[in-house]
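Below is one structure, written out as structure tokens; the observations come after it.
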Amino acid sequence: MKYLHEEFDCAGGETVRVDLNKQANVRLLDDNNYRHFRSGGRYRCGGGLAKTTPVLLTVPNAGRWHVVVDLGGYAGSVRASITLLN
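Numbering of the sequence shown is given in full-length UniProt numbering, commencing with residue 1 and proceeding in unit increments.
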């Protein structure tokens with residue numbers, strides 16, 4: 001599956017802002033869950049289908065965090081701007 005990906009080192013409590021040009025899946029994953037996501041395994045994440053923009057996600061705790069944006073296997077492309085807010 002093709003997807004957009006951005007990663008951040010976070011202290012926890014930060015907000016990630018995602019601006020989209022169309023509806024898409026937006027996921028916030030920690031390092032371990034991102035590895036499972038990439039390999040096609042089971043994973044847990046924050047976020048989901050975003051029908052409106054911007055999407056604001058709160059990082060729950062410290063560590064390396066990943067934001068993934070995709071169309072869920074549908075054809076087409078999506079543009080996204082991903083920003084870590086303090």
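Note that beta-carbon positions come from the ideal geometry of N, C-alpha and C, so glycine has one too.
Give a yes or no on whether the C-beta atoms belonging to residue i and residue j are separated by under 9 Å.
{"i": "VAL18", "j": "VAL69", "result": "yes"}
{"i": "HIS66", "j": "ASP9", "result": "no"}
{"i": "ASN25", "j": "GLY48", "result": "yes"}
{"i": "LEU4", "j": "ALA80", "result": "yes"}
{"i": "SER77", "j": "LEU71", "result": "yes"}
{"i": "GLU7", "j": "ASN86", "result": "no"}
Please go through the same chain and pick out, in chain order, the residues whose beta-carbon is closer than 6 Å to the beta-carbon of residue i, but skip the five residues on each side of it.
{"i": "ARG27", "result": "CYS45, GLY47, VAL68"}
Could you give the first and the last residue of the continuous alpha helix (DSSP H) run that contains residue i?
{"i": "SER39", "result": "31-39"}
With 16 other CB atoms within 10 Å as the buried threshold, where does residue i fall?
{"i": "TYR34", "result": "buried"}
{"i": "LEU56", "result": "exposed"}
{"i": "ALA50", "result": "buried"}
What residue range is occupied by the uninterrupted beta strand (DSSP E) comprising residue i?
{"i": "LEU49", "result": "46-50"}
{"i": "GLU7", "result": "4-10"}
Spatial neighbours of residue i within its chain, please: CB distance less than 7 Å, with the 5 preceding and 5 following residues excluded, ordered by chain position.
{"i": "HIS36", "result": "ARG42, TYR43"}
{"i": "GLY12", "result": "VAL59, PRO60, ASN61, ALA62"}
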